[in-house]
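**Q**
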């Protein structure tokens with residue numbers, strides 16, 4: 004069964020303490036790996052798409068990387084405003100459907 | 010702003026009543042999707058559309074139907090609401106341009122409570 008697993012489920016950091024979130028997938032035929040940010044009471048906000056192993060994308064304090072079986076979202080020197088749930092999703096097969104992980108809840112304390 | 014709006018944003022309804030949620034997009038996306046989000050389950054696909062009048066089921070489609078009569082509008086109907094359908098519903102859209110990737114853009118969500 005195709006699955007997307009995110010770890011950890013929750014992460015608490017001090018402001019400035021860098022860390023990484025993990026997204027692993029047990030699927031074949033990767034057509035894209037996506038990262039989203041979701042704030043409480045809002046819809047997911049698109050961050051990055053990665054298409055092939057070795058690819059990296061950056062946006063402010065966030066950097067997403069992709070290997071053959073997992074993706075990492077690296078957060079460098081986080082600030083309290085980076086607190087949110089981060090979701091990853093995989094696209095594969097012949098349709099435009101995404102399979103989502105259950106997310107990592109990140110809390111950055113000042 | 011992804012140009013996707015949902016209405017209503019909040020709704021309380023009684024068991025057994027029909028409910029229709031509306032999604033409207035302004036970016037001419039070809040594909041549109043309805044998800045529900047519940048604690049511990051993440052986002053689960055209910056139905057999706059790959060063009061006007063072209064729809065297909067997702068993983069949790071029982072008790073739901075959809076319609077898309079115009080590119081910009083995608084309706085989700087709960088035929089007879091049950092308490093298990095209490096959830097937050099998100100609409101998403103993607104594939105606006107030729108050669109676009111698979112990324113989807115989400116609306117703000119509708120919180121539905123079935124009493």
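Residue numbers (the working numbering), protein chains in the order written: chain A, 4 to 113; chain B, 10 to 124.
Don't be surprised by glycine CBs; every beta carbon is placed ideally from N, CA and C.
Quick caveat, the model's predicted, so the values are computed rather than measured.
Give me the subset of the segment 79-108 of chain B whose CB atoms are less than 7 Å from a CB atom of chain A, sorted by chain position.
**A** If the cut-off is 7 Å between Cβ atoms, the segment 79-108 of chain B has 99, 103, 104 near chain A.
**Q** Would you say residue 52/B lies against chain A (beta-carbon separation less than 7 Å)?
**A** Yes, residue 52/B lies at the interface with chain A (some Cβ there is under 7 Å from its Cβ).
**Q** My output table needs one value for residue 59/A: the three-state DSSP class, helix, strand or coil.
**A** The answer is strand: DSSP assigns residue 59/A an E or B state.
**Q** Assign residue 81/A to buried or exposed, taking buried as 16 or more other Cβ atoms, counted over all protein chains shown, within 10 Å of its Cβ.
**A** Buried: at least 16 other Cβ atoms inside 10 Å.
**Q** Heavy atom of the ligand SAH less than 6 Å from the Cβ of residue 33/B, yes or no?
**A** Looking for the ligand SAH in the displayed structure turns up nothing, as the structure carries no ligands at all.
**Q** Counting along the chain, where does the beta strand (DSSP E) carrying residue 66/A start and finish?
**A** Per DSSP, residue 66/A belongs to the beta strand (DSSP E) from 65-69.
**Q** So what's residue 76/B in DSSP terms, helix, strand or just coil?
**A** Three-state DSSP puts residue 76/B in a strand.
**Q** Please list, in chain order, the residues of the segment 23-53 of chain A that have any C-beta partner in chain E closer than 7 Å.
**A** Given the protein chain composition of this structure (A and B), no chain E is represented.
**Q** I'd like to know whether the C-beta of residue 6/B is nearer than 7 Å to at least one C-beta of chain A.
**A** The requested residue 6/B is not part of the displayed model; chain B covers only 10 to 124.
**Q** I'd like to know if residue 110/B contacts chain A, where contact means its C-beta is closer than 7 Å to some C-beta of that chain.
**A** For residue 110/B, the answer is yes, since a Cβ of chain A falls inside 7 Å of its Cβ.
**Q** Would residue 88/A and residue 21/A be called neighbours here (beta carbons separated by less than 7 Å)?
**A** Not in contact: residue 88/A and residue 21/A (Cβ atoms no closer than 7 Å).
**Q** According to DSSP, is residue 92/B part of a helix, a strand, or is it coil?
**A** Helix.
**Q** Rounded to a whole number of angstroms, what is the C-alpha to C-alpha distance between residue 34/B and residue 84/B?
**A** If you take the alpha carbons of residue 34/B and residue 84/B, they lie about 12 Å apart.
**Q** DSSP state of residue 20/A, grouped into three classes?
**A** Of the three classes helix, strand and coil, the one that applies to residue 20/A here is coil, per DSSP.
**Q** In its own chain, which residues sit with a C-beta less than 6 Å from the C-beta of residue 34/A, not counting the 5 before and 5 after it?
**A** Within the same chain, residue 34/A has close Cβ partners 94, 95.
**Q** Mind checking residue 23/A: buried by the 16 CB within 10 Å criterion, or exposed?
**A** With fewer than 16 other Cβ atoms within 10 Å, it is exposed.
**Q** Short of 6 Å in beta carbon distance, which residues of its chain neighbour residue 10/A, apart from the five on each side in sequence? Order them along the chain.
**A** So the qualifying residues of the chain are 25.
**Q** Give the DSSP-derived three-state secondary structure of residue 85/A in the structure shown.
**A** DSSP places residue 85/A in helix when its eight states are reduced to three.
**Q** Does any C-beta atom of chain B lie closer than 7 Å to the C-beta of residue 94/A?
**A** Output row for residue 94/A: interface = yes.
**Q** Nearest to residue 51/A by alpha carbon, out of 98/B, 120/B, 113/B, 123/B?
**A** The shortest C-alpha separation from residue 51/A is found at 113/B.
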